[in-house]
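Protein chains in written order, with our numbering: chain A, 3 to 178; chain B, 6 to 307; chain C, 293 to 729. Accompanying notes for the structure given below.
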Amino acid sequence: MEKELLNYEEIERILTRITYEILEKNKGTEDICLIGIVTGGVYLAERIRKKIKENEGLNVPMGILDISFYRDDINIKGKKKEIKPTNIPFQIDGKKVVLVDDVLYTGRSTRAAMDALMDFGRPAEIQLAVLIDRGHRELPIMANYTGKYIPTARNEKIKVYLKEISGKDSVVLITQ
Amino acid sequence: MKDLVGIKEISRQEIEEILNTARAFKEVLTRDIKKVPTLRGKTAINLFFEPSTRTRTSFELAEKRLSLDVLNFSVSTSSVVKGETLYDTLKTIESYNVDYIVIRHSASGAAKFVADNTPACVINAGDGTNEHPTQALLDAFSIVEVKGKLDGLKIAIVGDIIHSRVARSNLYLLSKFDTEITFVGPPTLLPSDVPSNVSISYDLKKGIKDADVVMLLRIQLERQKGAFIPSLKEYFHVWGLKGDAFSYLKKDAIVMHPGPMNRGVEISSEIADSPRSIILRQVTNGIATRMAVIYLLTRREV
Amino acid sequence: MKIIIHNAWVVDPFTDKEGVASITVEEGIITKIQWGKKEKGEKKHKKNSSNILEINAHGLYIFPGLIDMHAHLREPGFEHKETIRTGTKAAISGGFTTICCMANTNPVNDNPEVTYYILAKAREEGCCDVYPIGAITKGLKGEELSEMAMLREAGCVAFSDDGMPVTNSLIMKRALEYSKAIGSPIISHCEDLALSEGGVMNEGKMSFLLGLKGIPREAEEVMVARDILLSKYTKAPIHIAHVSTKGAIELIKRAKEENLPVTAETCPHYFTLTEKAVDGYKTDAKVNPPLRTEEDMEAIKEALKEDILDVIATDHAPHHEGEKKVPFQEAANGISGLETALSLSLKLVKDGILNLRQLIEKLTVNPAKILKISKKGLKENSEADFIIVDLGYKWKVNKKDFASLGKNTPFDGWNLEGKVLYTFKGKKFFDMSGEKN
Ligand SMILES: [Zn+2]
Ligand SMILES: [Zn+2]
Numbered sequence: 003m004e005k006e007l008l009n010y011e012e013i014e015r016i017l018t019r020i021t022y023e024i025l026e027k028n029k030g031t032e033d034i035c036l037i038g039i040v041t042g043g044v045y046l047a048e049r050i051r052k053k054i055k056e057n058e059g060l061n062v063p064m065g066i067l068d069i070s071f072y073r074d075d076i077n078i079k080g081k082k083k084e085i086k087p088t089n090i091p092f093q094i095d096g097k098k099v100v101l102v103d104d105v106l107y108t109g110r111s112t113r114a115a116m117d118a119l120m121d122f123g124r125p126a127e128i129q130l131a132v133l134i135d136r137g138h139r140e141l142p143i144m145a146n147y148t149g150k151y152i153p154t155a156r157n158e159k160i161k162v163y164l165k166e167i168s169g170k171d172s173v174v175l176i177t178q
Numbered sequence: 006m007k008d009l010v011g012i013k014e015i016s017r018q019e020i021e022e023i024l025n026t027a028r029a030f031k032e033v034l035t036r037d038i039k040k041v042p043t044l045r046g047k048t049a050i051n052l053f054f055e056p057s058t059r060t061r062t063s064f065e066l067a068e069k070r071l072s073l074d075v076l077n078f079s080v081s082t083s084s085v086v087k088g089e090t091l092y093d094t095l096k097t098i099e100s101y102n103v104d105y106i107v108i109r110h111s112a113s114g115a116a117k118f119v120a121d122n123t124p125a126c127v128i129n130a131g132d133g134t135n136e137h138p139t140q141a142l143l144d145a146f147s148i149v150e151v152k153g154k155l156d157g158l159k160i161a162i163v164g165d166i167i168h169s170r171v172a173r174s175n176l177y178l179l180s181k182f183d184t185e186i187t188f189v190g191p192p193t194l195l196p197s198d199v200p201s202n203v204s205i206s207y208d209l210k211k212g213i214k215d216a217d218v219v220m221l222l223r224i225q226l227e228r229q230k231g232a233f234i235p236s237l238k239e240y241f242h243v244w245g246l247k248g249d250a251f252s253y254l255k256k257d258a259i260v261m262h263p264g265p266m267n268r269g270v271e272i273s274s275e276i277a278d279s280p281r282s283i284i285l286r287q288v289t290n291g292i293a294t295r296m297a298v299i300y301l302l303t304r305r306e307v
Numbered sequence: 293m294k295i296i297i298h299n300a301w302v303v304d305p306f307t308d309k310e311g312v313a314s315i316t317v318e319e320g321i322i323t324k325i326q327w328g329k330k331e332k333g334e335k336k337h338k339k340n341s342s343n344i345l346e347i348n349a350h351g352l353y354i355f356p357g358l359i360d361m362h363a364h365l366r367e368p369g370f371e372h373k374e375t376i377r378t379g380t381k382a383a384i385s386g387g388f389t390t391i392c393c394m395a396n397t398n399p400v401n402d403n404p405e406v407t408y409y410i411l412a413k414a415r416e417e418g419c420c421d422v423y424p425i426g427a428i429t430k431g432l433k434g435e436e437l438s439e440m441a442m443l444r445e446a447g448c449v450a451f452s453d454d455g456m457p458v459t460n461s462l463i464m465k466r467a468l469e470y471s472k473a474i475g476s477p478i479i480s481h482c483e484d485l486a487l488s489e490g491g492v493m494n495e496g497k498m499s500f501l502l503g504l505k506g507i508p509r510e511a512e513e514v515m516v517a518r519d520i521l522l523s524k525y526t527k528a529p530i531h532i533a534h535v536s537t538k539g540a541i542e543l544i545k546r547a548k549e550e551n552l553p554v555t556a557e558t559c560p561h562y563f564t565l566t567e568k569a570v571d572g573y574k575t576d577a578k579v580n581p582p583l584r585t586e587e588d589m590e591a592i593k594e595a596l597k598e599d600i601l602d603v604i605a606t607d608h609a610p611h612h613e614g615e616k617k618v619p620f621q622e623a624a625n626g627i628s629g630l631e632t633a634l635s636l637s638l639k640l641v642k643d644g645i646l647n648l649r650q651l652i653e654k655l656t657v658n659p660a661k662i663l664k665i666s667k668k669g670l671k672e673n674s675e676a677d678f679i680i681v682d683l684g685y686k687w688k689v690n691k692k693d694f695a696s697l698g699k700n701t702p703f704d705g706w707n708l709e710g711k712v713l714y715t716f717k718g719k720k721f722f723d724m725s726g727e728k729n
């Protein structure tokens with residue numbers, strides 16, 4: 003069974019809100035950079051970057067990060083075969099890195115992303131922005147910017163459709 | 006996929022998967038910290054029955070950059086006992102609980118033999134005159150980097166084809182794409198009977214003038230005794246790639262060599278050091294490609 | 293014990309007889325052959341009553357015991373591969389009551405002591421007749437002739453350096469000349485060692501693709517040509533072992549047309565398999581000469597039909613598992629062939645290439661003639677030396693069931709048709725029918 007949780011307008015509103023929150027918390031754009039986690043996080047980060055540009059008139063640096071090589075579950079879930087090369091074309095030392103992901107769940111992806119970032123340098127701060135927080139954390143990780151908190155059951159699935167890949171914006175809850 | 010025994014045994018799709026993954030690893034190699042924790046806690050063994058510092062170093066770097074624990078066994082150390090059969094050596098190694106076995110052996114089919122007899126992942130680092138699959142993969146990766154694709158390309162492979170595992174692996178790989186292959190060299194070093202997508206040329210100029218890619222093979226000095234060619238000097242004179250080739254090669258043709266190259270035998274310095282040569286790029290790509298292969302293999306659970 | 297076999301179809305090239313007959317065997321001697329069908333249709337194959345065993349062989353065939361003129365028994369010296377006991381047991385289960393063993397033992401059978409040893413062992417532990425083949429040259433080195441006359445006296449029926457062919461044409465010429473006086477033929481394994489050096493399979497596209505060094509057909513043909521010329525030169529008989537190529541057949545054909553004393557054999561694997569069998573580095577299909585191409589295989593079948601090839605021999609070459617469980621180029625050459633040879637050969641009859649009589653000739657009377665082994669066939673008052681075969685019997689090869697110690701067969705798991713049910717060899721009677729008394 004599928005149930006739509008967010009539609010296009012709602013997602014847009016949430017991203018606008020998160021953009022303001024980022025700017026407010028960091029008192030502007032200084033030293034900020036965005037890093038989207040492959041795949042959904044990349045498009046969300048790109049949209050946030052556009053919104054920052056609309057507001058502040060400048061492009062903050064943005065990178066993309068594939069966390070496959072840092073996962074702790076490849077023995078359990080197998081290896082991901084489609085890997086996007088990571089691309090962080092700037093120094094992250096001393097930067098305030100805002101990691102962007104679509105869904106925050108166990109926290110393991112975020113852990114992997116943070117480990118990966120540490121291999122790139124020593125950021126001043128790492129913040130986390132997510133579209134959906136569905137609970138069930140297995141690690142002590144919390145988002146700084148949460149689009150929507152959606153309590154779910156373990157056997158349910160959250161699917162995020164973004165127009166860059168799926169041609170539409172929508173978040174649905176799938177119940178078996 | 007449990008093993009990479011040969012290109013013969015894998016599909017086009019699997020090749021593309023390896024090349025894609027290699028792209029991701031190539032980025033890792035540009036970082037300050039060129040190491041990822043992916044395979045932490047697992048063990049690889051480099052089992053080299055033939056000496057090859059280059060290939061072993063490339064594999065070892067690939068393994069270490071994936072955070073594998075690495076053991077090196079080679080014939081020169083006492084670890085491989087003389088007279089012990091490959092099967093016995095394998096069983097000994099298995100008792101160390103290794104996850105990856107990289108094997109270089111002088112017998113064709115040795116990698117398959119090992120793969121068939123162990124649950125560990127086996128990677129062929131060259132077996133006799135059969136295959137050297139990671140070399141063909143890194144060659145393909147390098148070609149795609151420069152040319153953007155493999156389909157539609159004309160590739161000339163020049164040199165000692167019959168004794169070359171690199172030539173065979175490249176033949177298998179390129180044959181899985183829409184390519185035209187020409188073997189070039191003296192008749193004593195070319196096979197008499199070739200697959201239908203391959204043509205043969207005993208004339209260097211005719212063989213390579215339309216090629217998009219010219220792959221040179223190493224002339225192995227130890228094979229000289231079979232009277233395959235009269236001398237290295239004569240080989241260079243007739244089939245060595247020299248400066249005059251600039252006048253007839255296609256403008257964007259690239260030159261490759263699996264290394265180590267013999268300057269003045271297969272290639273002149275003028276060509277080797279020219280911008281057409283992508284020989285050094287092949288070396289870097291070797292590590293990324295081998296990381297990709299190791300990453301994609303999965304041990305058989307017993 | 294008295295054994296009566298009722299209503300079998302007998303094919304005996306020795307006596308040139310074929311037809312339904314009932315045969316009585318007492319104490320290892322054929323006491324009675326009654327031609328014509330008897331009305332005694334028992335349903336069961338056999339019936340045991342008061343020391344008389346009756347076998348209703350209606351629908352079954354009787355052939356003289358098969359003769360394998362080319363086998364390797366490995367004893368003395370390589371008893372881990374095969375012994376005379378296990379090798380002759382394998383022969384019996386394959387329908388062979390006479391086998392000739394090659395000289396490449398350790399020590400080499402190049403002196404009468406070794407010949408006596410083999411014969412004594414065969415008498416004590418063997419199940420069938422064993423005729424040794426002596427070495428042409430001492431130690432198979434190709435340098436000095438062995439003591440061929442004394443070897444002949446000791447019991448050798450032919451001379452061959454088999455796997456270590458005589459490369460020196462002068463030595464080969466002398467051997468041929470000398471063998472004429474002795475009256476036993478030279479058997480030649482034809483291989484130009486320089487052309488075949490390092491080779492492990494047939495040379496061609498397949499060997500290139502597998503990265504294995506090939507053995508060209510010419511390596512065999514060059515030597516077939518040489519040996520035919522030397523036979524012509526010396527007027528001495530020569531027998532060409534295990535022919536594997538079309539070109540060799542053409543040379544032998546021409547020699548026969550010239551009425552030269554040239555005979556030749558092939559083996560079941562050469563008319564059953566091609567080089568494709570080695571794909572995947574299957575060491576059990578590694579033999580010397582190597583398995584060739586479809587074209588060669590067809591030529592061999594045709595040559596059997598035209599009697600250019602006189603004999604089917606097994607080249608039974610048993611090896612220990614460890615000698616095949618290695619990378620292909622390191623693996624030993626050879627197939628353990630005694631227990632599959634008849635069934636594989638019967639396929640030639642089923643496929644209409646040979647008639648039954650012709651096939652049995654190549655497995656009995658022809659090798660006996662070449663080697664001058666006196667065999668009488670099925671005759672009253674002579675030794676029982678025959679087999680009962682069910683041509684329609686379907687079975688699956690399982691190398692684990694081999695009597696031979698050599699489990700090296702490329703036919704493991706094959707479904708074959710035709711099987712020996714009973715072998716009679718003098719007083720020895722072997723029941724392989726699997727039926728209960
Ligand atoms: Zn032989
Ligand atoms: Zn033999």
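Yeah, the Cβ is synthetic: ideal placement off N, Cα and C, and Gly gets one too.
For residue i, name the three-state secondary structure that DSSP assigns.
i, result
"lysine 207(B)", "According to the sequence provided, residue 207(B) is tyrosine. The question's lysine does not apply to it. If DSSP states are grouped into helix, strand and coil, tyrosine 207(B) belongs with coil."
"isoleucine 12(B)", "coil"
"glycine 149(A)", "strand"
"isoleucine 531(C)", "The sequence given here places histidine at residue 531(C); isoleucine does not occur at that position. Residue state, collapsed to three classes: strand."
"methionine 220(B)", "strand"
"glycine 42(A)", "helix"
In terms of residues, what are the limits of the beta strand (DSSP E) holding residue i?
i, result
"isoleucine 24(A)", "Looking at the DSSP string, isoleucine 24(A) is not in any beta strand (DSSP E); the run it does join, the alpha helix (DSSP H), is 10-27."
"serine 79(B)", "74-79"
"alanine 605(C)", "Note, alanine 605(C): premise wrong, no beta strand (DSSP E); not H, not E."
"aspartate 104(A)", "98-106"
"glutamate 557(C)", "554-558"
"serine 314(C)", "309-318"
I need the boundaries of the alpha helix (DSSP H) containing residue i, first residue and last residue.
i, result
"glycine 291(B)", "284-301"
"glutamate 483(C)", "No alpha helix (DSSP H) contains glutamate 483(C), which DSSP labels as neither H nor E."
"tryptophan 244(B)", "237-244"
"serine 100(B)", "Taken as a continuous stretch (DSSP letters only), serine 100(B) belongs to no alpha helix (DSSP H), as it is neither H nor E."
"asparagine 658(C)", "657-663"
"phenylalanine 118(B)", "115-121"
Which residues of chain E have a Cβ atom closer than 7 Å to the Cβ of residue i, listed in chain order?
i, result
"lysine 330(C)", "Among the protein chains of the structure shown, namely A, B and C, there is no chain E."
Interface positions of the segment 103-130 of chain B facing chain C (Cβ-Cβ less than 8 Å), listed along the chain
Cβ contacts with chain C: His110, Ala112, Ser113, Gly114, Ala115, Lys117 and Phe118.
So, does the segment 673-682 of chain C touch the segment 589-608 of chain C, judging by three or more C-beta pairs under 8 Å?
At 8 Å Cβ cutoff, the stretches do not touch.
Looking at chain B, which residues of the segment 79-96 of chain A have a Cβ within less than 8 Å of any of its Cβ atoms?
Within the segment 79-96 of chain A, the qualifying residues are Gly80, Lys81, Lys83, Glu84, Ile85, Lys86, Pro87, Thr88 and Asn89.
Check distances from the C-beta atoms of the segment 571-589 of chain C to those of chain B and list, in chain order, the residues that come in under 8 Å.
Result list: Gly572 and Tyr573.
In the segment 60-72 of chain A, which residues sit with their C-beta less than 7 Å from some C-beta in chain B, listed in chain order?
So the close ones are Asp68, Phe71 and Tyr72.
Pocket of ligand 3 defined by Cβ to heavy atom distance under 7 Å:
With respect to small molecules bound, the structure shown includes ligand 1 and ligand 2 and not ligand 3.
Along the segment 6-34 of chain B, where does the CB come closer than 9 Å to a CB of chain A? Name the residues.
Within the segment 6-34 of chain B, the residues whose Cβ lies closer than 9 Å to some Cβ of chain A are Glu22, Asn25, Thr26, Arg28, Ala29, Phe30, Lys31, Glu32 and Val33, listed in chain order.
Name, going along the chain, the residues of the segment 170-187 of chain B whose beta-carbon falls closer than 7 Å to a beta-carbon of chain C.
Residues of the segment 170-187 of chain B whose Cβ lies closer than 7 Å to any Cβ of chain C, in chain order: Arg170 and Arg173.
Between the segment 600-620 of chain C and chain B, which residues of the former have CB atoms less than 7 Å from a CB of the latter, in chain order?
Only Gly614, Lys617, Val618, Pro619 and Phe620 from the segment 600-620 of chain C bring a Cβ to less than 7 Å from some Cβ of chain B.
When the Cβ atoms of the segment 682-689 of chain C are set against those of the segment 706-714 of chain C, are three or more pairs found closer than 8 Å?
Note that the segment 682-689 of chain C touches the segment 706-714 of chain C; at least 3 beta-carbon pairs, one per stretch, sit closer than 8 Å.
Contact between the segment 638-653 of chain C and the segment 450-457 of chain C (3+ Cβ pairs under 8 Å)
Too few Cβ pairs lie closer than 8 Å, so no.
At a Cβ cut of 9 Å, what residues of the segment 117-130 of chain A count as close to chain B, listed as they run along the chain?
Listed by position along the chain: Asp117, Ala118, Met120, Asp121, Phe122 and Gly123.
Below 8 Å, how does it come out for the segment 699-709 of chain C and the segment 432-441 of chain C: are there three or more Cβ pairs, yes or no?
Short answer: they don't touch.
Counting beta carbon pairs with one atom in the segment 413-420 of chain C and one in the segment 367-386 of chain C, are three or more of them shorter than 8 Å?
Yes: at least three Cβ pairs fall under 8 Å.
At a Cβ cut of 7 Å, what residues of the segment 467-497 of chain C count as close to chain B, listed as they run along the chain?
Within the segment 467-497 of chain C, the residues whose Cβ lies closer than 7 Å to any Cβ of chain B are, in chain order, Gly496 and Lys497.
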